[in-house]
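A.B. asks: For the sequence shown, my numbering begins at 108 and goes up steadily by one. From the three backbone atoms N, C-alpha and C, an ideal C-beta is built for every residue, glycine too.
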Amino acid sequence: QVQLVESGGGLVQAGGSLRLSCAVSGRTFSIDVMGWFRQAPGKEREFVAAIRRSGGSTYVDSVKGRFTISRDNAKNTVYLQMNSLKPEDTAVYYCAAQRLGVKVYDSWGQGTQVTVSS
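1. For Gln-110, count the other beta carbons within 10 Å of its own beta carbon; 16 or more makes it buried, fewer makes it exposed. Which is it?
2. Report yes if the C-beta distance between Val-131 and Thr-184 is below 8 Å; otherwise report no.
3. Taking 8 Å as the cut-off, decide whether the C-beta atoms of Ser-137 and Leu-207 are in contact.
4. Using 8 Å as the limit for Cβ to Cβ distance, is Thr-165 near chain C?
5. Just tell me which of Glu-195, Lys-210, Tyr-212 and Ser-128 has its CA closest to the CA of Gly-149.
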């Protein structure tokens, strides 16, 4: 079992920055990929960014150049640094874990709200 707890959300003006954190506990050795997703009101959950155990990362086009995903294995924490925030980034942000050999994200955090005012 893997437990995920997000933090760092809040209210920020457009153009501002936030850093989200995801604390990982449990069977951390079993994790291959860590991802961030978001869900805006009335919309489906969408992929934002992911980072593999090896360190390789991917991003949705809308956040490339503005968001950076990173992981601190010693602290069992994954971060999402969000710069140049836009009102359309407003959403509940979730972190998720994909275990080795499993092709889906099967552990999810409770989410943290990010609100960007114009």
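C.D. replies: Looking at the coordinates:
1. exposed
2. yes
3. yes
4. The structure shown contains no chain C; it holds only a single protein chain.
5. Glu-195
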